[in-house]
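When you number the sequence shown by my numbering, it's gap-free, plus one each residue, and the end is 473.
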Amino acid sequence: MSNANSNVVTMGASFQQADSFEPTPEILKAWTAVYKELRNEFGEAVYRSWLKPLSLQAYYHGTLEVSVPTRFMRDWIQSHYAARILEMSMEKNAEIKRLEIVVVQNSVPLDEEDEEILARPKANINELTADYDLSSPLDPRFTFDNFVVGKTNALAHAAARRVVECDKVPFNPLYIYGGVGIGKTHLMHAIAHQIRQQDPEKVVMYLSAEKFMYQFVRALRGQDTMKFKEIFRSVDVLMMDDIQFIAGKESTQEEFFHTFNALVDYNKQIIISADKAPSEMNGIDERLRSRLAWGLVADIQQSSYDLRLDILHSKRALLQADIPDSVLEFLALKVTSNIRELEGALNRIVAHADVSKNPVTLESTQDILQDMLRSHDRRITIDEIQRKVAEHYNIKLTDMHSSRRARSVARPRQIAMYLAKQLTARSLPEIGRKFGGRDHTTVMHAVRKIEELMDEDAGFAQDVEVVRRALTG
Ligand code: ADP
Ligand code: MG
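Shown next as structure tokens:
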């Protein structure tokens with residue numbers, strides 16, 4: 001009887017809770033525990049870009065309601081992380097049945113002064129820039145149409161599209177980072193093309209950080225900084241490429257910081273590219289660094305085989321060249337360093353065929369690229385890879401050849417196989433032999449598995465990247 005009674009009481013209480021939408025202490029505790037685990041579960045980069053702002057809003061009838069500041073974030077979290085977060089929550093508290101992500105903006109209303117600034121006529125940028133060559137030309141080939149999307153660049157691409165499709169500024173700044181030759185500049189130019197096409201009135205300024213610095217120093221020398229400031233404050237969209245260049249350049253950073261703040265205040269879009277995440281950039285002032293991470297930080301990761309192959313197919317169509325699939329597959333497999341080199345290799349083959357008037361074949365391709373591929377071979381051996389990986393993951397070198405299957409040794413072994421495939425010209429059976437006489441299907445499986453894990457987990461990908469750099473750099 002007392003049991004039944006207490007049941008009734010509990011139900012009554014939970015209805016009250018539901019009506020007030022206040023999370024119970026148990027739910028609060030469960031959510032706090034989940035939140036603490038997010039970083040570990042999804043890796044540092046994902047955590048920082050997406051999950052950190054999650055905040056518990058309400059709880060009712062088994063629905064956990066958490067908020068994020070923007071719609072874009074909500075959509076992305078919804079499609080990428082929500083299922084796992086719900087799973088984690090259910091493990092902590094079986095009452096939780098659903099996860100609802102809502103957008104709660106803490107936008108500040110414009111004050112009068114802002115409105116006045118926004119309403120004033122636009123400065124005549126042509127007049128202002130007459131003796132300053134500030135914006136850099138755009139490459140007409142770097143359009144959205146020509147940009148091939150894969151898992152490794154999906155986030156950056158989605159964010160770039162969002163910037164051009166959104167009437168308001170969706171996030172400020174958009175910060176795109178990644179290694180060389182993987183499409184940062186291409187994406188920025190694509191945004192600029194698209195905005196100019198949609199609205200020719202808009203002033204879109206694209207330039208490298210190097211150019212910004214050069215012009216700033218020039219303005220300082222010519223005692224013309226007012227004009228310089230005015231120009232930069234009259235743009236609608238400012239894109240600065242390769243911002244790592246101003247690391248350690250204090251006065252340029254200072255000037256950029258002010259420009260940045262002024263534009264953000266006027267609600268103008270800023271887009272920045274860099275080779276590293278804001279938190280990893282050295283020589284950048286702390287205030288600027290934290291500002292850079294304010295908006296959306298999107299990385300482009302090293303390309304996967306599939307993306308490389310898709311890109312090659314697209315380039316073949318653009319070139320209207322007669323190239324067999326086997327050649328594209330060969331290139332996608334061998335030229336893994338970056339997309340620029342991949343493109344370079346393709347162009348070389350096409351040019352060679354043009355000059356020699358011979359068709360492109362797998363044999364001719366192998367010949368032409370021999371230098372390039374041989375230099376890859378010469379640089380790195382499977383033994384080196386095994387040693388480096390064992391050292392990094394703190395396992396015994398002999399475990400590279402052993403049959404132990406514990407995750408703690410099997411995973412590093414798979415990473416070593418993956419790197420052997422990526423960094424050497426050895427075939428799958430050759431690699432298998434080097435790993436204690438394993439079958440080529442085992443190697444293939446390892447390569448796929450590691451690619452998959454790298455796609456899913458930015459922290460893991462970064463870790464593998466560290467080993468790769470230690471080997472190649
Ligand atoms: P980054 O600025 O990152 O160093 P770029 O944007 O200059 O690299 O890209 C290098 C080359 O690779 C360019 O020719 C670019 O068009 C091409 N490229 C990079 N990513 C893609 C992609 N996803 N689809 C098509 N081409 C790409
Ligand atoms: Mg670039």
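Every residue gets a Cβ at the ideal spot worked out from N, C-alpha and C, and that includes glycine. Computed from a predicted model, the values in this text were never measured in an experiment.
> Leaving out five residues before and five after Val-409 in sequence, what residues of the same chain have Cβ atoms less than 7 Å from its Cβ?
Replying inline: By 1-based counting over the sequence shown, the position of residue 409 is 409. Only Ile-395, Asp-399 meet the Cβ criterion.
>> Once the 5 residues before and after Ala-123 are set aside, which same chain residues still bring their CB inside 7 Å of it?
In response: Against the sequence shown, residue 123 aligns to sequence position 123. Note on Ala-123: pLDDT 47, under 50, position unreliable in the model; the coordinate value appears next. Take Ala-123, set aside five residues on each side of it, and the residues of its chain with a beta-carbon closer than 7 Å to its own are Glu-230, Ser-234, in chain order.
>> Counting C-beta neighbours from all protein chains within 10 Å, is the total for Pro-359 16 or more, i.e. buried, or is it exposed?
In response: In the sequence shown, residue 359 corresponds to position 359, counting from 1. With fewer than 16 other Cβ atoms within 10 Å, it is exposed.
> What is the rounded straight-line gap between the Cα of Ser-89 and the Cα of Ser-49?
Replying inline: Locating residue 89 in the sequence shown gives position 89, where the first residue counts as 1. Locating residue 49 in the sequence shown gives position 49, where the first residue counts as 1. Between the alpha carbons of Ser-89 and Ser-49 lies a distance of about 21 Å.
>> Given this structure, state the Cα-to-Cα distance separating Ser-290 from Pro-278, to the nearest angstrom.
In response: Looking up residue 290 in the sequence shown gives position 290. Looking up residue 278 in the sequence shown gives position 278. Going by the C-alpha atoms only, they are around 8 Å apart.
> Would the beta-carbon of Lys-184 be found less than 7 Å away from any heavy atom of the ligand MG?
Replying inline: Residue numbering aside, residue 184 sits at position 184 when the sequence shown is read from its first letter. Checking every heavy atom of the ligand MG against the Cβ of Lys-184, one is found closer than 7 Å.
> By the 10 Å Cβ neighbour count, where 16 or more other Cβ atoms means buried, how is Asp-354 classified, buried or exposed?
Replying inline: For the purposes of this step, residue 354 is taken as the residue at position 354 of the sequence shown. Asp-354 should be labelled exposed.
>> DSSP three-state label for Glu-100, please.
In response: Taking the first residue of the sequence shown as 1, we reach residue 100 at position 100. Shown here, Glu-100 sits in a strand according to DSSP, grouped into three states.
> Do you know how far the Cα of Ser-314 is from the Cα of Gln-320?
Replying inline: Stepping through the sequence shown from its first residue, residue 320 is reached at position 320. Stepping through the sequence shown from its first residue, residue 314 is reached at position 314. In a straight line, the C-alpha of Gln-320 is about 10 Å away from that of Ser-314.
> Along the chain, where does the alpha helix (DSSP H) that runs through Ala-277 open and close?
Replying inline: As a working note, residue 277 is residue 277 in the sequence shown. Segment: none, Ala-277 is in no alpha helix (DSSP H) and carries neither H nor E.
> What did DSSP end up calling Gln-302 once you bin it into helix, strand or coil?
Replying inline: Here residue 302 refers to the residue found at position 302 when the sequence shown is read from its first residue. Here Gln-302 sits in coil by DSSP.
> Would you report the Cα separation of Leu-346 and Leu-318, rounded to the nearest angstrom?
Replying inline: Here residue 346 refers to the residue found at position 346 when the sequence shown is read from its first residue. Here residue 318 refers to the residue found at position 318 when the sequence shown is read from its first residue. Rounded to whole angstroms, Leu-346 and Leu-318 show a C-alpha spacing of 12 Å.
> Would you say the beta carbon of Asp-367 comes nearer than 7 Å to a heavy atom of the ligand MG?
Replying inline: Taking the first residue of the sequence shown as 1, we reach residue 367 at position 367. No, since every heavy atom of the ligand MG falls outside the 7 Å radius drawn around the Cβ of Asp-367.
> On the premise that Gln-253 lies in contact with Leu-207, defined as a C-beta separation below 8 Å, what is that separation, rounded to the nearest angstrom?
Replying inline: Looking up residue 207 in the sequence shown gives position 207. Looking up residue 253 in the sequence shown gives position 253. Rounded, the Cβ-Cβ distance is 16 Å, inconsistent with contact.
>> By the three-class DSSP mapping on this structure, what secondary structure does Glu-115 have?
In response: As a first step, residue 115 is located in the sequence shown; it is residue number 115 there, counting from the start. Here Glu-115 scores only 44 on pLDDT, less than 50, and its place in the model should not be relied on; the value that follows carries that caveat. When DSSP states are grouped into helix, strand and coil, Glu-115 belongs to the helix group.
>> Rounded to the nearest angstrom, what separates Glu-162 and Phe-72 at their Cα positions?
In response: If you number the sequence shown from 1, residue 162 lands on position 162. If you number the sequence shown from 1, residue 72 lands on position 72. Per the sequence presented here, residue 162 reads as Arg, with Glu not at that position. Using only the alpha carbons, I get a separation of about 8 Å.
> Do the region 294–301 and the region 176–187 touch if we need at least three Cβ pairs shorter than 8 Å?
Replying inline: Between the region 294–301 and the region 176–187 there are three or more inter-stretch CB-CB distances shorter than 8 Å, so the stretches are counted as touching.
> Just to confirm, does Ser-314 get its C-beta within under 7 Å of one of the non-hydrogen atoms of the ligand ADP?
Replying inline: The residue given as residue 314 occupies position 314 in the sequence shown. Yes; taking the cut-off as 7 Å, the Cβ of Ser-314 has a heavy atom of the ligand ADP nearer than that.
> In three-state terms, what does DSSP make of Gln-422?
Replying inline: The sequence position of residue 422 within the sequence shown is 422, counting from 1. Residue state, collapsed to three classes: helix.
> Which residues does DSSP pair with Thr-63 in a beta bridge?
Replying inline: Counted from its first residue, the sequence shown places residue 63 at position 63. Note: Thr-63 sits in a beta bridge opposite Tyr-60, Arg-98.
>> For the structure I just gave you, are there three or more beta carbon pairs, one from the region 84–98 and one from the region 59–67, closer than 8 Å?
In response: Three or more beta-carbon pairs separated by less than 8 Å link the region 84–98 to the region 59–67, which places the two stretches in contact.
>> Assess contact between the region 262–280 and the region 235–243, defined as three or more Cβ pairs (one per stretch) separated by less than 8 Å. Is contact present?
In response: Here the region 262–280 makes contact with the region 235–243; the two share three or more CB pairs at distances below 8 Å.
> What whole-angstrom Cβ distance do Thr-336 and Gln-215 have, given they're in contact under 8 Å?
Replying inline: In the sequence shown, counting from the first residue as 1, residue 336 sits at position 336. In the sequence shown, counting from the first residue as 1, residue 215 sits at position 215. Gln-215 and Thr-336 do not touch by the CB rule: their CB atoms are close to 37 Å apart, not below 8 Å.
> What span of residues does the alpha helix (DSSP H) with Met-213 cover, start to end?
Replying inline: For the purposes of this step, residue 213 is taken as the residue at position 213 of the sequence shown. Unbroken alpha helix (DSSP H) run through Met-213: 209–221.
> Buried or exposed: which applies to Gly-295, given that a residue is buried once 16 or more other Cβ atoms fall within 10 Å of its Cβ?
Replying inline: Stepping through the sequence shown from its first residue, residue 295 is reached at position 295. Buried.
> What is the DSSP secondary structure of Tyr-35, reduced to helix, strand or coil?
Replying inline: On the sequence shown, position 35 is the one that residue 35 refers to. In the three-state reduction of the DSSP assignment, Tyr-35 falls in the helix class, which pools H, G and I.
>> Only counting the same chain, and skipping five residues up and downstream in sequence, which positions put a Cβ closer than 7 Å to that of Val-108?
In response: As a first step, residue 108 is located in the sequence shown; it is residue number 108 there, counting from the start. Bear in mind that a pLDDT of 35 at Val-108, under 50, signals an unreliable position, so the number given afterwards is only what the model happens to contain. Non-local beta-carbon contacts of Val-108 in its own chain, meaning distances under 7 Å to residues more than five positions away in sequence, are absent.
> Over what stretch of residues does the alpha helix (DSSP H) that includes Asp-455 continue unbroken?
Replying inline: As a working mapping, residue 455 is identified with position 455 in the sequence shown. Taken as a continuous stretch (DSSP letters only), the alpha helix (DSSP H) holding Asp-455 covers 440–456.
>> When you compare the CB positions of Thr-24 and Tyr-59, do they come within less than 8 Å of one another, or not?
In response: Here the question's residue 24 lines up with position 24 in the sequence shown. Here the question's residue 59 lines up with position 59 in the sequence shown. Cβ atoms of Thr-24 and Tyr-59: closer than 8 Å.
> Given a threshold of 16 other Cβ atoms within 10 Å of its Cβ, counted over all protein chains shown, does Phe-228 qualify as buried or as exposed?
Replying inline: Here residue 228 refers to the residue found at position 228 of the sequence shown. Residue environment: Phe-228 is assigned as buried (16 or more neighbouring CB atoms within 10 Å of its CB, all protein chains considered).
> Who are the near neighbours of Leu-440 in its chain, counting only those whose CB is closer than 7 Å to its CB and skipping five residues on each side?
Replying inline: Translated into positions along the sequence shown, residue 440 becomes position 440. In the sequence on display, residue 440 carries His and not Leu. Around His-440, the same chain offers Leu-428, Pro-429, Gly-432 as residues with beta carbons nearer than 7 Å, after the five sequence neighbours per side are excluded.
>> On the criterion of 16 or more Cβ atoms from any shown chain inside 10 Å, does Ser-304 qualify as buried, or is it exposed?
In response: Counting from one through the sequence shown, the residue named residue 304 turns up at place 304. Ser-304 is buried by the Cβ-count criterion.
> Would you report the Cα separation of Val-464 and Ile-415, rounded to the nearest angstrom?
Replying inline: Within the sequence shown, residue 464 is the residue found at index 464, counting from 1. Within the sequence shown, residue 415 is the residue found at index 415, counting from 1. When rounded, the distance between both Cα atoms is 7 Å.
> Using the beta-carbon count (16 or more within 10 Å), is Ser-135 buried or exposed?
Replying inline: Translated into the one-based positions of the sequence shown, residue 135 becomes position 135. By the 10 Å Cβ count, Ser-135 comes out buried.
> Roughly how far, in whole angstroms, is the beta-carbon of Leu-187 from the beta-carbon of Phe-245, given that I think they are within contact range, below 8 Å?
Replying inline: As a working note, residue 187 is residue 187 in the sequence shown. As a working note, residue 245 is residue 245 in the sequence shown. 18 Å between Cβ atoms; not a contact.
>> Quick check on the burial criterion: 16 or more other C-beta atoms within 10 angstroms. Buried or exposed for Asn-261?
In response: Here the question's residue 261 lines up with position 261 in the sequence shown. Burial call: exposed.
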